[in-house]
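Visitor:
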Amino acid sequence: MVKTAVITALILFATGSFLMTLLYISGGAVSVAGGIVLLLLALKMTLRPDEAPVEAEDESPIDHQKMAIYPLAVPYLLNPVGITVLIITSAAATTFWATVLMVVMILAVGALDLLIFRNIDKLTKRLNPTTLVVSELVFGILLTAVAVQLFVYGLGALGIIEPAAAH
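Going left to right, the sequence shown walks through residues 830 to 996 as this note's numbering numbers them.
1. Please state whether DSSP places Leu971 in a helix, a strand or coil.
2. Taking only three categories from DSSP, how would you classify Ser964?
3. If the criterion is Cβ atoms closer than 9 Å, does the pair Leu943 and Val859 meet it?
4. What three-state label does DSSP hand Met830 in the structure shown?
5. Quick check on Ser846: does DSSP put it in helix, strand or coil?
6. Are the region 974-983 and the region 861-880 touching, with three or more C-beta to C-beta distances below 8 Å?
7. Are the CB atoms of Leu867 and Val967 nearer to each other than 9 Å?
8. For Pro909, collect the residues of the same chain with a Cβ closer than 6 Å to its Cβ; drop the 5 residues on either side in sequence, then sort them by chain order.
9. Alpha carbon to alpha carbon, what distance is there between Ile990 and Leu941?
10. Between which two residues does the alpha helix (DSSP H) harbouring Thr918 extend?
11. Flag Val967 as yes when its Cβ comes closer than 8 Å to any non-hydrogen atom of the ligand SAM, and as no otherwise.
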């Protein structure tokens with residue numbers, strides 16, 4: 830799962846500027862779109878934190894490799910903020926050192942994710958269900974704030990609101 834997210838992140842960073850040019854999308858539009866998607870995910874976390882996903886009764890065998898790629902790797906490890914940042918920084922990274930810095934950051938986040946997943950059993954033993962619900966609410970609120978900031982930044986970059994209000 831971590832490998833899939835890191836490889837996808839590196840590909841997005843390498844091709845983000847090209848995709849923006851090819852599709853005539855501005856950085857502001859990417860920020861607004863990322864903000865909207867993240868807002869929907871954050872609101873789902875915040876408004877229904879204890880609601881378990883409904884699983885269909887399916888007799889087919891589970892393909893764990895596919896499950897590690899979607900729905901886990903791309904939407905959760907490489908979330909809308911990550912995708913947005915990678916696409917925008919792809920266009921903004923005009924020097925060799927800026928590119929190296931982004932690649933190092935992608936690899937560092939991947940290493941941190943791997944460290945957490947390798948020790949998830951130890952971590953979950955120390956957490957009780959109430960702590961998980963409260964932390965999901967807190968992170969949902971923080972993600973909502975990040976989503977709003979992305980949206981505001983995008984509106985400022987598009988010239989819809991005053992740039993001073995976007996920072």
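Ideal Cβ placement from N, Cα and C applies to all residues, glycine included.
Guide: Working from what's here:
1. helix
2. helix
3. no
4. coil
5. helix
6. yes
7. no
8. Gly863, Val866 and Leu867
9. 37 Å
10. Pro909 to Ala921
11. Ligands are entirely absent from the displayed structure, and the ligand SAM is therefore not among its contents.
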